[in-house]
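Asker: My questions will all concern the structure given below.
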Amino acid sequence: MCTYSTELVEVRASAKGAAGWFPATSASVYVDHPVDFPAGHAVMIDVLNVARGAHDRVGLEMDARSARLLAEAILRTLDSVPAGLLEE
Amino acid sequence: MVRTLRSEIATSFIELSGHGAESIEVYVATVAHPSPRGGVVVIHHLPGFDEGIREIVRKFAVMGYNAACVNLYYREAPGASSDDAAAIARAQGGVPDERLVGDVAAALAYLRDLDNSNGRVGVIGYCSGGRQTVLAACHLDFDAAVDCYGAFVVVGTPEGSPFNFPALTPILADLHCPMLGLFGADDQYPSPEQTSELEALLAHAGKNFTAHTYEGAGHAFFAVDRPSYRPEVAKEAWSEVADFFDIHLSA
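Protein sequence lines, in the order shown, are assigned to chains S and E. At position 44 of the first sequence (counting the first as 1) the number is 44 in our numbering, and the numbers step up by one without a gap. Position in the second sequence (from 1) plus 1000 gives the number in our numbering.
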């Protein structure tokens, strides 16, 4: 099924796409039919800079377990660094 | 020298003036024969203007129709790969309904103006294109429409969604042509309850609507390059499409 279920978040990041590094401004997280990943549905993440155009994009397609592991790893990493090391 | 025995179809990417007189890219497959024939506008799914949808355009030409599909994401991402373009379009909330109608109108006019057009043109769309097919058929003078598992027809997208696709129930009374609906019993977008509601609403409005809900199939059962593909169901459903267009798009 095509859920249209999409979360959009603003980000301040650098991402490396097909044409090199670019300043990323948003990320879309959604569940849909993947383009390449061999499954009926996948968790999809697009890191984008909409203003710069479609060529500046990093796409990820993964299964649910991988998405949870990734999300948990990000949160664990953030919790483990000394307070004040990273700008919020 | 090689002698051509028979010309079949010709394909090209053309530029048309779409909604707001803006340039749009359209993939066309036309039949290289002067006898009058119908046309089919194909509306692609949310993942974009990809090779799968262009194969469907060519299939309609092989079936004897002139066919055209608008790249609905051309404005956001001209020349981009279909997946990159879809990512940008998704991040911007998808295609506004008004723009969709204007772009599809351009493809409809193009097909009707072809030298070998019999003046009759149908529309078919898949996934989000299914909803957009209903939308287009309520606004434009198509001769037939086929909604393939379009969600958010009888309910709109939920609050908080980046998409703003309102329910089409207020305009269903404006449906201009006979419509065929092809759905999967295991689909939830749209659910069988929603497609039953669509059937009831259109019957109440006195519209010509036939729906088929296939057991053992979910969303995107036509998509040959995805695990959702259900060959037996797709074959049967293609036969329904062929019969439906044969009835309504013949001269």
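All C-beta atoms in this analysis are idealised placements derived from N, C-alpha and C, irrespective of residue type, glycine included.
Enumerate in chain order the residues of its own chain whose CB-to-CB distance from E:Pro1190 is below 6 Å, with the five nearest sequence positions on each side excluded.
Answerer: Around E:Pro1190: Ala1151.
Asker: Give me the Cα-Cα distance between S:Phe22 and S:Lys16, rounded to the nearest whole angstrom.
Answerer: 6 Å
Asker: With DSSP as the reference, identify every bridge partner of S:Pro23, one or two as the case may be.
Answerer: S:Ser14
Asker: For E:Gly1122 and E:Val1040, which I take to be in contact (beta-carbon distance under 8 Å), what is that distance rounded to the nearest angstrom?
Answerer: Between E:Gly1122 and E:Val1040, the beta carbon gap of about 5 Å places them in contact (Cβ cut-off 8 Å).
Asker: Enumerated in chain order, which unbroken segments of the beta strand (DSSP E) with a length of 3 residues or greater are wholly contained in the region 1057-1108 of chain E?
Answerer: Segments of the beta strand (DSSP E) lying fully in the region 1057-1108 of chain E: 1066-1070.
Asker: Quick check: the Cα distance between S:Ile45 and E:Phe1222, rounded to an integer number of angstroms?
Answerer: 25 Å
Asker: Any idea what DSSP makes of E:Tyr990, helix, strand or coil?
Answerer: The structure shown does not extend to residue 990 of chain E, since chain E spans only 1001 to 1251, so no value can be given for it.
Asker: When the Cα atoms are used, what is the spatial distance from E:Glu1215 to E:Arg1054?
Answerer: 27 Å
Asker: Does DSSP classify E:Cys1148 as helix, strand or coil?
Answerer: strand
Asker: Taking CB distances under 7 Å as the criterion, tell me whether E:Ala1091 reaches chain S.
Answerer: yes
Asker: With a CB to CB cut of under 8 Å and the five nearest residues on each side skipped, what residues in its chain are close to E:Val1101?
Answerer: Within the same chain, and ignoring the five residues on either side of E:Val1101 in sequence, the residues whose Cβ sits closer than 8 Å to its Cβ are His1019, Leu1135, Ala1136, His1139 and Leu1140.
Asker: Do we get a CB-CB distance below 7 Å when we pair S:Leu48 with the residues of chain E?
Answerer: Yes, contact with chain E.
Asker: What ranges does the alpha helix (DSSP H) occupy inside the region 1184-1246 of chain E, keeping only unbroken runs of at least 4 residues that lie completely in it?
Answerer: 1192-1204
Asker: Have a look at E:Ala1077 and S:Ala42 and give me their C-alpha separation to the nearest angstrom.
Answerer: 24 Å
Asker: Below 7 Å on C-beta distance, what does S:Leu8 contact in chain E?
Answerer: Ala1091 and Pro1162
Asker: Going along chain E in order, which residues have a C-beta closer than 7 Å to the C-beta of S:Val35?
Answerer: Pro1047 and Asp1083
Asker: Taking just the CA atoms, how far does E:Arg1006 sit from S:Tyr4?
Answerer: The alpha-carbon atoms of S:Tyr4 and E:Arg1006 are separated by roughly 44 Å.
Asker: Compute the beta-carbon to beta-carbon distance between E:Leu1198 and E:Glu1240, rounded to the nearest angstrom, for a pair I have assumed lies under 8 Å.
Answerer: Not quite, the Cβ-Cβ distance comes to about 17 Å (not below 8 Å), so this is no contact.
Asker: With DSSP as the reference, label E:Tyr1270 as helix, strand or coil.
Answerer: Outside the displayed range of chain E (1001 to 1251) lies residue 1270 of chain E, so it cannot be described from this structure.
Asker: Report the residue from E:Arg1226, E:Ala1089, E:Cys1177 and E:Asp1113 whose alpha carbon sits nearest the alpha carbon of E:Phe1244.
Answerer: E:Cys1177
Asker: Express the C-alpha separation of E:Val1104 and E:Phe1060 in angstroms, rounding to a whole number.
Answerer: 17 Å
Asker: For S:Tyr4, list the residues DSSP reports as bridge partners.
Answerer: S:Tyr4 is not bridged to any residue.
Asker: Counting only Cβ pairs nearer than 9 Å, list the residues of chain E close to S:Ser28.
Answerer: Ala1087, Arg1090, Ala1091 and Pro1162
Asker: In this structure, does DSSP put E:Arg1006 in helix, strand or coil?
Answerer: DSSP places E:Arg1006 outside both helix and strand once states are collapsed to three, so it counts as coil.
Asker: When DSSP builds the beta bridges, which residues end up paired with E:Asp1113?
Answerer: E:Asp1113 pairs with nothing; no bridge assigned.
Asker: Output yes if chain S places a C-beta closer than 7 Å to the C-beta of E:Pro1227; else output no.
Answerer: Yes - at least one Cβ of chain S is within 7 Å of the one on E:Pro1227.
Asker: On the CB-based measure, 16 or more other CB atoms within 10 Å of its CB, does E:Glu1232 come out buried or exposed?
Answerer: Under a 10 Å Cβ-count criterion, E:Glu1232 is classified as exposed, with fewer than 16 other Cβ atoms of the shown protein chains found around its own Cβ.
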